[in-house]
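*Asks:* Residue numbers (UniProt numbering): 1 to 110.
I have a structure here, written as C-alpha cells, and I will follow up with some questions on it.
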C-alpha cells in the first residue's frame with residue numbers, strides 16, 4: 001500500500017526508475033497535491049527505451065486519485081494493471097490522459 005497526500009508543491013509523484021520496482025504494489029492512493037502535473041515521469045528511464053515501453057503493476061488492485069487540480073497525465077506510457085478491482089478519480093479536472101490496459105493481453109501499438 002502506498003498513500004501519498006498533502007505534498008504541496010510536488011510536481012511529479014514517482015520517477016520511472018522507482019515505478020519499475022513496485023511490482024508488488026496492491027493499493028495506490030494519491031490526494032491533495034496543489035501542483036502535481038504528472039504521476040509517473042521520465043526521470044530514471046533509459047533514454048534509448050522505446051516509446052512503446054509500458055509500466056506494469058501486476059498486483060495493483062485499488063487505484064485512487066483525489067483533489068489533484070493540475071494533474072494532466074497519469075503516465076506517458078500504457079499502464080498494465082491486470083489485477084485492478086477499483087479505480088477512483090475525483091476532482092482531477094484537467095486530467096487528459098489515463099492510458100490504462102486491463103485485459104491481460106499486450107496493448108496494441110500506438
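Using N, Cα and C, we set each Cβ at its ideal position, and we do this for glycine too.
Please list the terminal residues of the continuous beta strand (DSSP E) segment that includes residue 30.
*Replies:* Looking at the DSSP string, the run of the beta strand (DSSP E) that includes residue 30 is 27-31.
*Asks:* Using the Cα positions of residue 5 and residue 74, report the straight-line distance between them to the nearest angstrom.
*Replies:* C-alpha separation (whole angstroms): 16 Å.
*Asks:* Report the residue ranges of all beta strand (DSSP E) runs contained in full by the region 64-88; include only those spanning at least 3 residues, in chain order.
*Replies:* For the region 64-88, whole beta strand (DSSP E) runs of length 3 or above, ordered along the chain, are 73-75.
*Asks:* In the DSSP assignment, the alpha helix (DSSP H) including residue 18 goes from what residue to what residue?
*Replies:* Residue 18 -> alpha helix (DSSP H) spans 16-19.
*Asks:* Residues in the same chain with beta-carbon distance under 6 Å from residue 45, minus the five sequence neighbours each way, listed in chain order, please.
*Replies:* For residue 45, the predicted structure reports a pLDDT of 48, less than 50, and the residue's modelled location is therefore unreliable. A value from the coordinates is still provided. So the qualifying residues of the chain are 16.
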